[in-house]
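*Asks:* Please see the structure below; I have some questions.
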Amino acid sequence: MGLFDKFFGGLGKTRQKIDLEELFQDYAPDSEQFYEDLEEMLILADAGMPTAERVDYLMHRKTWEDRYRKGEEAREGLIKILTGLLDVGSPALKLDTKPSVILMVGVNGVGKTTTIGKLAHQLVQDGKKVMLCAGDTFRAAAAEQLGVWAERAGCEFVRHEEGSDPAAVVYDGICAAKARGTDVILIDTAGRLHNKQNLMNELAKIRRVIDRELPDADVETLMVLDATTGQNGLMQAKQFLETSGLTGIVLTKLDGTAKGGIVFAIANECGLPVKYVGVGEGIDDLIPFDAKTYVEALFKK
17 MGLFDKFFGG LGKTRQKIDL EELFQDYAPD SEQFYEDLEE MLILADAGMP TAERVDYLMH
77 RKTWEDRYRK GEEAREGLIK ILTGLLDVGS PALKLDTKPS VILMVGVNGV GKTTTIGKLA
137 HQLVQDGKKV MLCAGDTFRA AAAEQLGVWA ERAGCEFVRH EEGSDPAAVV YDGICAAKAR
197 GTDVILIDTA GRLHNKQNLM NELAKIRRVI DRELPDADVE TLMVLDATTG QNGLMQAKQF
257 LETSGLTGIV LTKLDGTAKG GIVFAIANEC GLPVKYVGVG EGIDDLIPFD AKTYVEALFK
317 K
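Under the numbering used here, think of the first position of the sequence shown as 17, with each following residue one higher.
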């Protein structure tokens, strides 16, 4: 199955909220009803009010500049606007150093550990030597779950006992990666500690260990977001962005939600690229994000 087909299948529920056929059926460039309907459609898909208003403004401007008269012209213009909205950074991972680090953050229940396993599988398939590091020492059975994924993906694995210092686990993982010639260290982190401040302090401590032990390494800090949470997920992203130096988003459970418009809100309000999306339970159902393909799968006939 190609990339377009996977996006198309994963966005089925969102497309039900976004009916461009009806929107452009009676298109008129000077109809304010059209723009009101466009805003409502985007809000229903969880793009959020600020993003919907921005798209409305850009659509007004492009309609005037390009002199749209037909619904098909306006449709293509909207696709270009939304694709451009997602152009906030490269969706590709920067993993040029040996080792490189991927630090995975996010609240509990978003599919973080499963996402790490799927990403590890892809990296191994690409010929990388990968190590998984169980930095979530607070959630019961988190390390065991990650260990199962390490075995399944064919990765090396570093863990400590439950309740250990996560930064110490990361330190040991880095030392082991250096000794074994590892290409990529994938670090799981806790989704919740006693309170938000403790969580952020723990992440900062882990990051200090990485910066001290691997000062020249490429480091991707990816936040895993559950697409079904919509605007709540956007609030989470803003919080982690303030404290964790995020470089991108991994959006999970896209196939189970009608809130696929959240990717536009993430780009518009956080300035963060979506790097991967999850469109199913299979090990190959974590797919690299491509803005043009995503928008076409969402809006094309």
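The beta carbon of each residue, even a glycine, is placed where N, CA and C say it ideally should be.
Near G170, which residues of its chain fall below 6 Å by C-beta distance, leaving aside the five closest residues on each side in sequence?
*Replies:* Taking the sequence shown and counting its residues from 1, one reaches residue 170 at position 154. If we look at G170 and ignore the five residues flanking it on each side, its Cβ neighbours are V140.
*Asks:* Rounded to whole angstroms, what's the CA-CA distance from K134 to V266? Just pull it up for me.
*Replies:* Position 118 of the sequence shown, counted from the start, is the residue given in the question as residue 134. Position 250 of the sequence shown, counted from the start, is the residue given in the question as residue 266. Between K134 and V266, the C-alpha separation is close to 12 Å.
*Asks:* Hey, how far is the Cα of W80 from the Cα of K33?
*Replies:* Residue numbering aside, residue 80 sits at position 64 when the sequence shown is read from its first letter. Residue numbering aside, residue 33 sits at position 17 when the sequence shown is read from its first letter. Each residue's alpha carbon lies about 27 Å from the other.
*Asks:* Compute the beta-carbon to beta-carbon distance between H176 and V185, rounded to the nearest angstrom, for a pair I have assumed lies under 8 Å.
*Replies:* Residue mapping note: residue 176 aligns to position 160 of the sequence shown, counting from 1. Residue mapping note: residue 185 aligns to position 169 of the sequence shown, counting from 1. So it is a contact: roughly 5 Å between Cβ atoms.
*Asks:* How long is the line joining the alpha carbons of R91 and D35, rounded to whole angstroms?
*Replies:* Residue numbering aside, residue 91 sits at position 75 when the sequence shown is read from its first letter. Residue numbering aside, residue 35 sits at position 19 when the sequence shown is read from its first letter. Taking the straight line from one Cα to the other gives about 12 Å.
*Asks:* In chain order, what residues of the same chain lie with their CB nearer than 6 Å to the CB of T67, ignoring the 5 residues before and after it?
*Replies:* Position 51 of the sequence shown, counting from 1, holds the residue named residue 67. Counting only Cβ-Cβ distances below 6 Å, and skipping sequence neighbours, we find F280, A281 and N284.
*Asks:* When the distance is taken between beta carbons, is G277 closer than 8 Å to G127?
*Replies:* Taking the sequence shown and counting its residues from 1, the one referred to as residue 127 is at position 111. Taking the sequence shown and counting its residues from 1, the one referred to as residue 277 is at position 261. Contact flag unset, no.
*Asks:* In the DSSP assignment, what are the bridge partners of G264?
*Replies:* Taking the sequence shown and counting its residues from 1, the one referred to as residue 264 is at position 248. Bridge partners of G264: L238.
*Asks:* For P231, does the count of other Cβ atoms within 10 angstroms reach 16, so buried, or fall short, so exposed?
*Replies:* Along the sequence shown, read from residue 1 onward, the residue named residue 231 stands at position 215. The residue is exposed, with fewer than 16 neighbouring Cβ atoms inside 10 Å.
*Asks:* Measure the C-alpha to C-alpha separation of G100 and F305 and round it to an integer number of angstroms.
*Replies:* For the purposes of this step, residue 100 is taken as residue 84 along the sequence shown, with counting starting at 1. For the purposes of this step, residue 305 is taken as residue 289 along the sequence shown, with counting starting at 1. Their backbone Cα atoms lie some 14 Å apart in a straight line.
*Asks:* What would DSSP say about F173, mapped onto helix, strand or coil?
*Replies:* Here residue 173 refers to the residue found at position 157 when the sequence shown is read from its first residue. Reduced to three states, the DSSP call for F173 is strand.
*Asks:* Between the stretch 267-275 and the stretch 80-89, can you find at least three pairs of beta-carbon atoms closer than 8 Å?
*Replies:* Segments in contact, no.
*Asks:* Since I believe T244 is in contact with G261 (beta carbons under 8 Å), could you give me their beta-carbon distance rounded to a whole number of angstroms?
*Replies:* Working through the sequence shown from its first residue, we reach residue 261 at position 245. Working through the sequence shown from its first residue, we reach residue 244 at position 228. The Cβ separation is near 26 Å, so there is no contact.
*Asks:* Looking at C-alpha atoms only, which residue of V200, G249, G287 and Q161 is the closest neighbour of K110?
*Replies:* Your numbering for residue 110 matches position 94 in the sequence shown. Considering only alpha carbons, the answer is V200.
*Asks:* Which term fits H210, buried or exposed, when burial requires 16 or more other beta carbons within 10 angstroms of its beta carbon?
*Replies:* Mapped onto the sequence shown, residue 210 falls at position 194. Residue placement at H210 is flagged as unreliable, the pLDDT there being 46, under the threshold of 50; the coordinate-derived value follows with that caveat. H210 comes out exposed.
*Asks:* Would you say I203 and V123 are within 8 Å of each other, going by their C-beta atoms?
*Replies:* As a first step, residue 203 must be located in the sequence shown, where it is residue number 187. As a first step, residue 123 must be located in the sequence shown, where it is residue number 107. No; because the gap between Cβ atoms is not below 8 Å, this pair is not in contact.
*Asks:* Ignore the nearest five residues each way along the sequence and tell me which others in E229's own chain have a CB closer than 7 Å to its CB.
*Replies:* For the purposes of this step, residue 229 is taken as residue 213 along the sequence shown, with counting starting at 1. Around E229: Y187 and I190.
*Asks:* Spatial neighbours of F23 within its chain, please: CB distance less than 6 Å, with the 5 preceding and 5 following residues excluded, ordered by chain position.
*Replies:* Residue mapping note: residue 23 aligns to position 7 of the sequence shown, counting from 1. Cβ neighbours of F23 beyond the five flanking positions: T309, Y310 and A313.
*Asks:* Quick check on DSSP: helix, strand or coil for Y292?
*Replies:* For the purposes of this step, residue 292 is taken as residue 276 along the sequence shown, with counting starting at 1. DSSP places Y292 in strand when its eight states are reduced to three.
*Asks:* With DSSP run on the structure shown, which of helix, strand or coil describes I34?
*Replies:* Walking along the sequence shown from the start, residue 34 turns up at place 18. Correct three-state label for I34: coil.
*Asks:* Find out if the Cβ-Cβ distance for the pair V174, A192 is shorter than 8 Å.
*Replies:* Position 158 of the sequence shown holds residue 174. Position 176 of the sequence shown holds residue 192. Yes; because the gap between Cβ atoms is below 8 Å, this pair is in contact.
*Asks:* Can you give, in chain order, each stretch of the alpha helix (DSSP H) that sits fully within the stretch 116-195 and has at least 4 residues?
*Replies:* Counting whole runs of 4 or more residues, the stretch 116-195 contains the alpha helix (DSSP H) stretches 128-141 and 158-169.
*Asks:* For Q252, is the classification buried or exposed, using 16 other Cβ atoms within 10 angstroms of its Cβ as the cut-off for buried?
*Replies:* As a first step, residue 252 must be located in the sequence shown, where it is residue number 236. Its Cβ being crowded by 16 or more others within 10 Å, Q252 is buried.
*Asks:* Give the straight-line distance between the Cα atoms of K96 and V71, rounded to the nearest whole angstrom.
*Replies:* Position 80 of the sequence shown, counted from the first residue, corresponds to residue 96. Position 55 of the sequence shown, counted from the first residue, corresponds to residue 71. Roughly 11 Å separates the two Cα atoms.
*Asks:* Using three-state DSSP, classify L302 as helix, strand or coil.
*Replies:* The count along the sequence shown starts at 1 and reaches residue 302 at position 286. Strand.
*Asks:* In chain order, what residues of the same chain have a beta carbon less than 6 Å from the beta carbon of M57, not counting five sequence neighbours either side?
*Replies:* For the purposes of this step, residue 57 is taken as residue 41 along the sequence shown, with counting starting at 1. If we look at M57 and ignore the five residues flanking it on each side, its Cβ neighbours are I34.
*Asks:* Apart from the five residues on each side of it in sequence, which residues of its chain come closer than 6 Å, Cβ to Cβ, to Y51?
*Replies:* Residue numbering aside, residue 51 sits at position 35 when the sequence shown is read from its first letter. The residues are D72.
*Asks:* Roughly how many angstroms lie between the CA atoms of R224 and G105, to the nearest whole one?
*Replies:* The sequence position of residue 224 within the sequence shown is 208, counting from 1. The sequence position of residue 105 within the sequence shown is 89, counting from 1. Each residue's Cα considered, the two are about 25 Å apart.
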